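Chains U and P supply the protein sequences, listed in that same order.
First residue of the first sequence? That's 61 in the numbering used here, and the numbers climb one at a time after it.
First residue of the second sequence? That's 61 in the numbering used here, and the numbers climb one at a time after it.
Even for Gly, the Cβ is constructed at its ideal location relative to N, Cα and C.
As the structure is a prediction and not an experimental result, all values here were calculated from the model.
Number of protein chains: 2
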Amino acid sequence: MSHQGTSVPPASPPPPPAGRLPKTTNRGRSSDPIDSSNSATSDFPELEYFGVPGPRGFPPLTEFLDITDVDMLKSRHGSNMSKHHTMFFNSDNLIVRRGQEFQVKVTFNRPYKPAKDKFALEFVIGSSPQFSKGTYIPVFPNKERQSSWEGRITNTSDNVVTMGITPQTSCIVGKYHMYVAIQTPFGIRRTRRDKSRDLYILFNPWASDDAVYLDDEREREECVLTEVGVIYHGAYDDVAERYWNYGQFNYGVLDACLYIMDRSQMPIANRGDPIKITRKASAMLNSRDDDGVMVGNWSGDYTYGVAPTSWTGSTDILLTYASTKLPVAYAQCWVYAAVFNTFLRCLGIPSRVVTNYYSAHDNNGNLKMDIILDDNGRIDRNRTRDSIWNYHCWNECFMSRPDLPPGFGGWQVVDATPQETSDGMYRCGPASVQAIKHGQICFPFDAPFVFAEVNSDVVFYSRRTDGSMEPVKVNRTHVGRMVLTKSTGEMSRRDITDQYKFPEGSPEERTVLEKAEEYGCKRERSDPSTADVDLVLPTLEVSLGEDFQFDLEFVNQSDEPRTVDAYLSGSVVYYTGVTTAEFLFRDCSVEVGPRKSVKESMTVDSKKYMKYLVEQANLHFIASGKIRETGQIITSMKVVVLHNPKLIIEMPSVGKVNKEMVAKFEFTNPFSFSLEGVYVRMEGPAVMAPKVKYYSVITGGSSVVWTEVVTPQRVGESRLIATLDCAALRQVSGQASFTIEA
Amino acid sequence: MSHQGTSVPPASPPPPPAGRLPKTTNRGRSSDPIDSSNSATSDFPELEYFGVPGPRGFPPLTEFLDITDVDMLKSRHGSNMSKHHTMFFNSDNLIVRRGQEFQVKVTFNRPYKPAKDKFALEFVIGSSPQFSKGTYIPVFPNKERQSSWEGRITNTSDNVVTMGITPQTSCIVGKYHMYVAIQTPFGIRRTRRDKSRDLYILFNPWASDDAVYLDDEREREECVLTEVGVIYHGAYDDVAERYWNYGQFNYGVLDACLYIMDRSQMPIANRGDPIKITRKASAMLNSRDDDGVMVGNWSGDYTYGVAPTSWTGSTDILLTYASTKLPVAYAQCWVYAAVFNTFLRCLGIPSRVVTNYYSAHDNNGNLKMDIILDDNGRIDRNRTRDSIWNYHCWNECFMSRPDLPPGFGGWQVVDATPQETSDGMYRCGPASVQAIKHGQICFPFDAPFVFAEVNSDVVFYSRRTDGSMEPVKVNRTHVGRMVLTKSTGEMSRRDITDQYKFPEGSPEERTVLEKAEEYGCKRERSDPSTADVDLVLPTLEVSLGEDFQFDLEFVNQSDEPRTVDAYLSGSVVYYTGVTTAEFLFRDCSVEVGPRKSVKESMTVDSKKYMKYLVEQANLHFIASGKIRETGQIITSMKVVVLHNPKLIIEMPSVGKVNKEMVAKFEFTNPFSFSLEGVYVRMEGPAVMAPKVKYYSVITGGSSVVWTEVVTPQRVGESRLIATLDCAALRQVSGQASFTIEA
């Protein structure tokens with residue numbers, strides 16, 4: 061017998077119901093789903109018999125040792141928390157660090173007899189505990205029988221045994237559950253699952269064999285325990301500060317950080333490795349690809365979220381993400397860096413926020429940013445598409461790099477701001493700062509990209525009418541002008557440029573750039589002759605709304621007279637270097653005698669720029685021109701930061717724990733126009749949880765006052781941080797510091 | 061005046077309309093959207109005036125040179141296509157390779173006068189052409205004025221000028237548009253946009269300074285031009301073959317490959333770099349993360365798609381993806397590797413599919429696969445969660461690695477099969493094969509992961525009743541037993557294991573493993589003593605549905621008698637090593653005299669395993685046991701591949717171009733049961749496009765015959781490949797080869 065087939069189109073089988081493919085399973089793919097949730101748990105049985113029951117069933121286990129109580133010794137002032145540097149955490153559970161002993165008290169129904177009684181503490185993480193994956197760890201009290209975590213009895217009195225447990229220094233970081241198990245000849249008898257016995261194990265920068273060990277107590281205190289930080293912005297010659305409440309010890313923040321890893325489906329077994337955790341987190345903190353924590357928005361329109369300039373700390377963002385399970389709107393680079401910092405410090409990975417002034421971006425690791433001029437030396441804004449960020453913030457975190465050759469441990473760059481073209485993925489790092497300084501960019505992860513951020517050249521091209529272009533000036537010092545971070549233990553800035561680069565012009569710098577080129581970085585090789593007339597732009601401090609004078613200076617370095625046809629263009633720019641509107645354009649012809657200089661002065665009228673303002677009110681000036689005698693092109697660039705009005709917070713300078721204090725916040729609208737839809741936020745560590753007030757209008761010249769009664773919760777230096785935000789005026793902030801005494 | 065604010069919850073502003081965030085724009089983020097679509101174009105004006113019009117407007121440009129015709133010389137038999145090794149492409153446009161001259165004929169309205177007339181050919185790619193990004197390239201005919209692509213006049217006769225153009229060897233790969241532009245003192249006059257002048261520029265393995273240069277003509281022909289390949293599967297001691305029609309030259313396939321890059325939003329400017337392209341493609345070929353080309357499915361249920369075992373080539377998959385813009389269902393590892401191979405060969409990157417037997421998977425770069433035995437030496441299937449794939453297919457592609465130190469160019473591993481735990485992303489590579497062989501796994505990308513796939517140890521643990529485990533046997537040779545690829549120029553296999561590993565037991569092998577450990581790979585350090593009784597399992601060739609005999613041999617290597625308590629467990633496994641059901645379990649106690657061996661024979665009844673069959677019918681046997689005298693644990697594993705019935709394709713061995721030939725396909729159901737819902741697919745390069753037939757039922761013992769009339773399109777060796785697929789019987793295939801004469 062033979063069958064006759066029917067022809068079907070190659071796209072073959074029946075189409076799925078609604079044009080969508082059904083969810084496929086992993087049945088034949090892996091024997092178990094990968095264990096990637098720290099919130100998932102597995103319950104262990106209270107009674108677990110060995111073998112098969114005898115003719116009368118299993119014997120009762122009651123004749124053996126029984127457990128009447130387990131005390132996790134989790135008091136904030138107890139020795140576990142203080143010895144483990146976790147006493148600031150606001151949590152209901154024990155929090156300790158790996159590679160260091162902690163104590164647990166077990167009470168039995170009768171005195172423990174070491175020779176006869178066998179028990180173990182069992183630590184379990186995730187839904188699929190396995191000894192060989194480090195997700196199930198029994199800890200034994202006797203020397204002869206030890207597993208990967210050390211155990212010993214540190215005290216015995218009556219029925220009570222105190223066990224010292226030292227988690228392996230490479231163990232998984234997260235939330236564990238603990239059981240006490242009594243072993244009998246017939247089976248195992250366990251404590252019941254009890255959430256109050258859950259404990260968190262964190263990274264330990266104090267343990268010398270931990271991958272995040274940092275051998276400097278002041279740095280550890282700064283980069284792990286400090287809750288308030290300063291993030292730098294503005295311009296390299298007019299640095300501005302932003303205070304931030306990292307809040308890594310606030311209630312719920314640690315759980316939110318673990319939720320982020322769960323959400324990313326990061327396998328539990330990887331969570332002891334700071335390289336894998338930081339790489340994963342750099343992807344997860346932005347919402348691209350993976351519905352991560354924060355939505356980036358640089359549009360100026362923040363209607364359905366919080367303006368990036370309005371946040372005062374990380375707590376709100378992390379708790380909102382963990383509770384809504386939706387990305388939080390909105391972030392820009394310093395928000396990404398600040399929340400990432402909270403994540404890292406919370407888990408115990410030393411970290412800090414750094415700011416790079418004039419950061420090359422989105423240019424895919426090439427060492428060139430292009431500015432196109434026309435035949436006459438005037439900037440061609442349509443063809444100039446690269447932008448140099450006035451500043452960019454990222455994080456450094458401290459860890460060893462066993463995956464790389466020796467010498468590349470220490471500070472590592474990680475960056476959660478979504479980069480448009482970094483290897484196509486919205487994540488970056490960890491990249492060794494040492495490797496970047498030495499041009500050793502062949503090692504993972506994303507080193508060429510970070511190298512370009514601090515080392516790109518700005519290349520000015522002159523475009524001919526036939527479309528071809530010629531480089532006329534190469535500025536090799538503009539990008540990566542300065543890298544700042546907060547000083548250790550102080551509210552001041554620290555210049556760490558030398559950790560990223562050798563001094564400009566040094567032989568080492570040259571070697572490094574050649575090394576980077578060997579690894580495929582493309583540089584502009586041509587070296588157009590330097591013009592003999594300099595164009596100098598002024599350094600100014602200008603308040604928002606102020607008219608100001610702007611001088612364009614021509615300095616003739618030659619022994620002959622020079623005539624320059626020059627252009628000055630002023631635009632309002634985002635901090636990303638993207639220009640919005642040209643508010644000023646001037647051309648002039650200037651004659652300069654030999655070895656002389658000439659100034660062209662002009663007044664910039666605030667009315668001209670005020671109408672174009674975007675949130676971070678910066679003005680970008682580009683001057684360019686052509687020297688008639690030589691045909692050479694000259695250029696110069698300058699960012700002028702407009703200083704915003706300030707918020708004032710008035711507080712007594714000293715307070716007492718649990719005693720009310722009054723904080724007074726005040727703001728006066730300095731403009732003639734009304735501010736509408738104004739949000740004010742205020743918070744402070746261990747003093748005040750984030751609070752928001754809304755003012756529908758603040759008329760021109762008028763003031764708002766907000767008085768808040770706060771209750772400090774613990775001794776030490778503290779601070780209140782506030783911002784004011786509305787569509788017409790962003791990035792207004794203020795802060796006050798004070799001391800809390802006992 | 062003072063305003064009173066209202067308190068609002070910290071989650072502040074009005075919630076977005078339907079709980080979802082509005083689409084945010086990139087306005088202040090980058091000055092231009094990143095140009096990432098090769099299908100987007102920008103139209104250049106036909107007339108582009110310089111400066112401003114005079115009092116009478118612009119002068120007419122008609123007095124200058126005018127273009128009457130442009131001939132791209134795109135005939136398949138013309139010198140452009142044959143010199144560029146692109147003559148097999150079925151396309152309406154010119155296809156050439158970079159770094160090598162091609163010719164274009166321009167006809168003017170009068171003879172061209174080199175001294176007076178100025179013209180250029182302009183090549184443009186993407187929507188935002190820029191000279192400095194390599195997306196706008198003018199090419200000039202005169203020596204004095206040359207841009208990044210060389211131009212010269214190779215012939216002039218009457219009004220016709222033939223231009224030779226040599227694209228830079230690092231230029232972007234993709235579809236360009238070409239304009240002819242005449243430059244006059246008043247402006248530029250251009251040809252109109254004409255799609256027939258679009259041309260494709262590909263990688264060039266024949267050009268010595270191309271990053272994909274491969275200095276071996278036979279390898280280039282195999283790895284770029286060959287359309288049919290063999291992919292190996294089965295077991296290392298019973299290798300099976302699968303023929304595949306890569307179809308890289310079929311109509312529409314090149315456009316589909318460019319669409320894949322567009323869909324991935326890969327910036328156009330990166331598309332000259334084979335490292336970036338292959339990395340991106342390894343992510344894009346699977347649908348995870350990015351709605352890429354193929355949906356993986358290992359569930360056994362392929363109701364709403366095509367079973368992975370049913371495909372005969374890549375064309376269907378790529379064309380369906382490009383037209384529906386939806387992921388195509390379904391793929392498993394060899395399908396990913398085969399379609400990736402088409403993508404690479406189509407773009408001109410030399411590539412081949414390799415098969416690794418016993419591939420360690422999903423274990424995150426650790427060098428350990430765990431098998432858990434109980435106290436008695438019997439396998440604990442609940443606790444054994446790692447699976448070793450019987451085989452795994454990936455790709456190698458050939459390129460230089462300027463991003464790495466010297467010595468790591470050449471073959472690179474890329475893998476599009478979504479790995480559950482590879483750095484959390486569903487992509488892998490390029491990883492240098494040289495680097496893997498030498499344990500230099502500190503270099504990007506994903507080298508530790510590939511290293512583990514070929515070098516992991518299998519560790520047998522004995523689990524004590526208290527939950528702790530002890531390694532009792534370490535098998536260091538099981539994983540990565542053999543790596544195969546197709547021979548160059550022949551349909552036979554080539555063992556390339558030595559390209560990945562030094563010989564087992566050699567001093568180099570030891571050094572390499574130590575090097576890998578330095579870079580953080582975790583190995584099992586313990587070395588349990590080897591037992592003195594060997595357990596030997598037979599190597600068998602078994603046909604599906606056959607009963608067969610299975611011998612378990614105990615070889616006593618000691619001088620004393622031994623008693624072994626042994627267990628034999630037989631399971632049906634997916635090729636991923638995941639077991640479905642245990643169809644056989646036997647225990648026995650065997651006494652073996654000194655230096656003697658004993659065989660335990662058993663018959664495996666086909667009824668027992670047939671009911672559990674999954675698509676790739678493999679049986680997995682694990683034998684284990686404990687020696688009474690010494691307490692040592694012994695183990696052994698074996699995969700038995702069940703051989704499927706074959707399809708028979710009958711064809712004359714010789715045919716003629718454009719002359720009809722008859723192909724007869726025949727299959728007999730060898731079973732007593734009916735096969736239902738049967739799909740048969742057949743295709744062959746330049747002979748037959750993929751075709752599918754459906755048979756609702758093929759009763760037991762009956763046959764189906766499909767007669768197809770085909771018309772060969774070109775001279776050479778060709779082949780028809782067919783598969784038969786239904787839920788009860790998968791992976792049935794057949795093929796026939798024949799010669800086409802002129």
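Bridge partner(s) assigned by DSSP for P/C786: DSSP lists P/L789 as partners of P/C786.
Check the Cβ of U/V803 against every Cβ in chain P and list those closer than 9 Å, keeping chain order. Here chain U comprises residues numbered 61 to 802, so residue 803 of chain U is not present and cannot be evaluated.
Enumerate, from N- to C-terminal direction, the unbroken alpha helix (DSSP H) stretches of 4 or more residues contained entirely within the region 558–616 of chain U. Uninterrupted alpha helix (DSSP H) stretches at least 4 residues long and entirely within the region 558–616 of chain U occur at 567–578, given in chain order.
Along the chain, where does the beta strand (DSSP E) that runs through P/L702 open and close? That run of the beta strand (DSSP E) goes I693 to H703.
Chain U contact for P/Q472 (CB, 9 Å cutoff): With 9 Å as the cut-off, P/Q472 does not count as an interface residue toward chain U.
Please specify which runs of the beta strand (DSSP E), each continuous and at least 3 residues long, are wholly inside the region 256–283 of chain U, giving them in chain order. Under the rule that a run must span 3 or more residues, the beta strand (DSSP E) segments found entirely inside the region 256–283 of chain U read 259–262.
Chain P beta carbons: is any one of them nearer than 9 Å to that of U/S516? No, U/S516 lies away from the interface with chain P (no Cβ there is under 9 Å from its Cβ).
Chain P within 9 Å of U/Y236, Cβ atoms only: No, no contact with chain P.
Leaving out five residues before and five after U/P377 in sequence, what residues of the same chain have Cβ atoms less than 6 Å from its Cβ? Note that residue 377 of chain U is Ile in the sequence shown, not Pro. Once the five neighbours on either side are set aside, the close Cβ partners of U/I377 are V388 and V399.
Local conformation of U/N515 per DSSP, three classes: Taken through DSSP and simplified to helix, strand or coil, U/N515 comes out as helix.
Within chain P, partners of U/W766 - CB distance below 7 Å: G65, listed in chain order.
Could you round the C-beta distance between P/E204 and P/A241 to whole angstroms and report it? I think they count as a contact, below 8 Å. In fact, because the Cβ distance is near 18 Å, the residues do not count as touching under 8 Å.
Do we get a CB-CB distance below 9 Å when we pair U/G527 with the residues of chain P? It does: the Cβ of U/G527 has a partner Cβ on chain P nearer than 9 Å.
Consult DSSP for U/S151 and reduce its assignment to one of helix, strand or coil. The three-state secondary structure of U/S151, taken from DSSP, is coil.
Residue range of the beta strand (DSSP E) that includes U/Y390: Taken as a continuous stretch (DSSP letters only), the beta strand (DSSP E) holding U/Y390 covers V388 to A391.
Taking just the CA atoms, how far does U/V664 sit from U/A787? U/A787 and U/V664 have their C-alpha atoms roughly 24 Å apart.
Taking Cβ-Cβ distances shorter than 8 Å, what residues in chain U pair up with P/L464? Going along chain U in sequence order, the residues near P/L464 (Cβ under 8 Å) are C502 and Y579.
Below 6 Å CB to CB, which residues in the same chain sit around U/S258 once its five sequence neighbours on both sides are set aside? The sequence given here has Asp at residue 258 of chain U, not Ser. If we look at U/D258 and ignore the five residues flanking it on each side, its Cβ neighbours are N153, K235 and H237.
Measuring CB to CB, does P/F509 end up less than 9 Å from P/Q479? The answer is yes: Cβ separation under 9 Å.
Which chain P residues sit within Cβ distance under 7 Å of U/D430? For U/D430, the chain P residues whose C-beta falls within less than 7 Å of its own C-beta are S192, listed in chain order.
Three or more C-beta pairs under 8 Å: does that hold for the region 366–383 of chain P against the region 741–758 of chain P? Contact between the region 366–383 of chain P and the region 741–758 of chain P is present, with at least three C-beta pairs closer than 8 Å.
Identify whether U/K193 lies in helix, strand or coil by the three-state DSSP scheme. Three-state result, U/K193: helix.
At a cut of 8 Å, does the region 785–801 of chain U reach the region 305–322 of chain U through at least three beta carbon pairs? Output reads no: the region 305–322 of chain U does not touch the region 785–801 of chain U.
Between P/P105 and chain U, is any beta-carbon pair separated by less than 9 Å? With 9 Å as the cut-off, P/P105 does not count as an interface residue toward chain U.
First and last residue of the alpha helix (DSSP H) that includes P/Y381? Here the alpha helix (DSSP H) through P/Y381 covers T375 to T384.
Would the beta-carbon of P/P334 fall within 9 Å of that of P/M459? Between P/P334 and P/M459, the CB-CB gap stays under 9 Å.
Given that a residue counts as buried once 16 or more other Cβ atoms are within 10 Å of its Cβ, and exposed if not, what is P/T251? Buried is the label assigned to P/T251, since at least 16 other Cβ atoms lie within 10 Å of its Cβ.
Should P/T233 and P/R302 be called a contact, given that it needs their Cβ atoms to be closer than 9 Å? The sequence given here has Val at residue 233 of chain P, not Thr. Between P/V233 and P/R302, the C-beta spacing is not below 9 Å.
Euclidean distance between Cα positions of P/S62 and U/L612: In this prediction, P/S62 has a pLDDT of 49, which is less than 50 and means its spatial position is unreliable; what the coordinates show is noted afterwards. Distance between the alpha carbons of P/S62 and U/L612 is about 43 Å.
Following the continuous beta strand (DSSP E) through U/R212, name the residue where it begins and the one where it ends. Looking at the DSSP string, the run of the beta strand (DSSP E) that includes U/R212 is E210 to S217.
Could you tell me which of U/S696, U/S763, U/R348 and U/R688 sits nearest to U/K724, measuring between CA atoms? Minimum Cα distance to U/K724 is reached at U/S763.
Looking at the strands, I want to know which residues DSSP matches up with U/G630. Answer by DSSP bridge pairing, in chain order: U/L644 and U/F681.
Suppose contacts are defined by Cβ-Cβ distances below 9 Å. Is U/V519 in contact with U/I431 by that definition? Contact check for U/V519 against U/I431 passes: the beta carbons are separated by less than 9 Å.
Measure the CB-CB distance between U/R158 and U/D270 and report whether it falls below 9 Å. With contacts defined by Cβ atoms closer than 9 Å, U/R158 and U/D270 form a contacting pair.
So U/A180 contacts chain P; which residues on that side make the cut at Cβ distance below 8 Å? Neighbours of U/A180 on chain P, chain order: D526 and G527.
Where U/P227 falls, given that 16 or more other Cβ within 10 Å makes a residue buried: With 16 or more other CB atoms across the displayed protein chains lying within 10 angstroms of its CB, U/P227 is buried.
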